[in-house]
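Engineer: In terms of the working numbering, the sequence shown opens at residue 1 and continues consecutively.
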Amino acid sequence: MIRNLIFISLVVGLSIMYYYNITIKSRNKKRDAWSSINVQLKRRYDLIPNLVQTVKGYASHESKVFEHIADARARAIGADNIEDQQAAENMLTQSLKSLFAVAEAYPELKASHNFQNLQQQLSKVEEDIQMARRYYNACAREYNNRVETFPGLIVAGMFNFSPVSYFEIDIEESQTPKVDFS
Numbered sequence: 001m002i003r004n005l006i007f008i009s010l011v012v013g014l015s016i017m018y019y020y021n022i023t024i025k026s027r028n029k030k031r032d033a034w035s036s037i038n039v040q041l042k043r044r045y046d047l048i049p050n051l052v053q054t055v056k057g058y059a060s061h062e063s064k065v066f067e068h069i070a071d072a073r074a075r076a077i078g079a080d081n082i083e084d085q086q087a088a089e090n091m092l093t094q095s096l097k098s099l100f101a102v103a104e105a106y107p108e109l110k111a112s113h114n115f116q117n118l119q120q121q122l123s124k125v126e127e128d129i130q131m132a133r134r135y136y137n138a139c140a141r142e143y144n145n146r147v148e149t150f151p152g153l154i155v156a157g158m159f160n161f162s163p164v165s166y167f168e169i170d171i172e173e174s175q176t177p178k179v180d181f182s
């Protein structure tokens, strides 16, 4: 009887330790994935002022667009959590689309080597952000599965592990921006 109790206690203890450890590994992987997103976003934030200055040289009267980009960039840099970051990034993406729509109206700007180079760099960064988002969301899904499925949810409850949000793209991001030249 005592031997069975010791055996059951040992199995339960080892199970808790196992699920705790894999949840920690999954959480750390998710954190690393978020860090990768932040690196790519930093690259994006660094490119934006150069891009705006280049467009300003050709279209200085489009100040509303420039202000909107500056505001969106500041919000994105200052975001404190995934939900705020997601909202700010969606706003920034829409602002950049407006900037590129403005650039379409200036053929000499589109032909500028500096503008083309910045646009290519930003395009590459956007691709890298998309890859980092997909990786983060896969890590978040793995982590959420660990903390929401049995028997991991028991261990998650014991140690206050909770599900995390995905970093999703706003539906509006895929739509063409509206630009008013009046």
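Every residue, glycine too, gets a C-beta built ideally from N, C-alpha and C.
Please say whether H68 and S36 have beta carbons closer to each other than 8 Å?
Structural biologist: In the sequence shown, residue 36 corresponds to position 36, counting from 1. In the sequence shown, residue 68 corresponds to position 68, counting from 1. No. Outside cutoff.
Engineer: Rounded to whole angstroms, how far is the Cβ of Y106 from the Cβ of A72, which I believe are closer than 8 Å?
Structural biologist: By one-based count along the sequence shown, residue 106 stands at place 106. By one-based count along the sequence shown, residue 72 stands at place 72. In fact, because the Cβ distance is near 21 Å, the residues do not count as touching under 8 Å.
Engineer: Buried or exposed: where does M91 fall if 16 or more other Cβ atoms within 10 Å of its Cβ makes it buried?
Structural biologist: As a working note, residue 91 is residue 91 in the sequence shown. Buried, since its Cβ has 16 or more Cβ neighbours within 10 Å.
Engineer: Of the choices R3, V147 and S112, whose alpha-carbon is the least far from that of N160?
Structural biologist: Translated into positions along the sequence shown, residue 160 becomes position 160. Measuring from the Cα of N160, the nearest candidate turns out to be V147.
Engineer: Considering only residues of the same chain and omitting the five flanking positions on each side of V179, which have a CB-CB separation below 7 Å?
Structural biologist: Taking the first residue of the sequence shown as 1, we reach residue 179 at position 179. For V179, the predicted model reports a pLDDT of 40, less than 50, meaning its position is unreliable; a value from the coordinates is still stated below. Within the same chain, V179 has close Cβ partners S98, A101 and V102.
Engineer: With a CB to CB cut of under 7 Å and the five nearest residues on each side skipped, what residues in its chain are close to M17?
Structural biologist: Looking up residue 17 in the sequence shown gives position 17. Nothing listed; no residue qualifies.
Engineer: Taking all protein chains shown into account, decide if L191 is buried (16 or more other Cβ within 10 angstroms of its Cβ) or exposed.
Structural biologist: Examination of residue 191 is not possible in this model, given that the chain is present from 1 through 182 alone.
Engineer: Using only CA atoms, which one of Y136, S162, I154 and P163 lies nearest to R31?
Structural biologist: Within the sequence shown, residue 31 is the residue found at index 31, counting from 1. Of the candidates Y136, S162, I154 and P163, the one whose C-alpha sits nearest the C-alpha of R31 is Y136.
Engineer: Is it right to say E62 is buried, meaning 16 or more other beta carbons lie within 10 angstroms of its own, or is it exposed?
Structural biologist: The count along the sequence shown starts at 1 and reaches residue 62 at position 62. The residue is buried, with at least 16 neighbouring Cβ atoms inside 10 Å.
Engineer: Would you mind reading off the limits of the alpha helix (DSSP H) that contains T54?
Structural biologist: Numbered from 1 along the sequence shown, position 54 holds the residue referred to as residue 54. It spans I2 to Y58 - the alpha helix (DSSP H) in which T54 sits, taken as one unbroken run.
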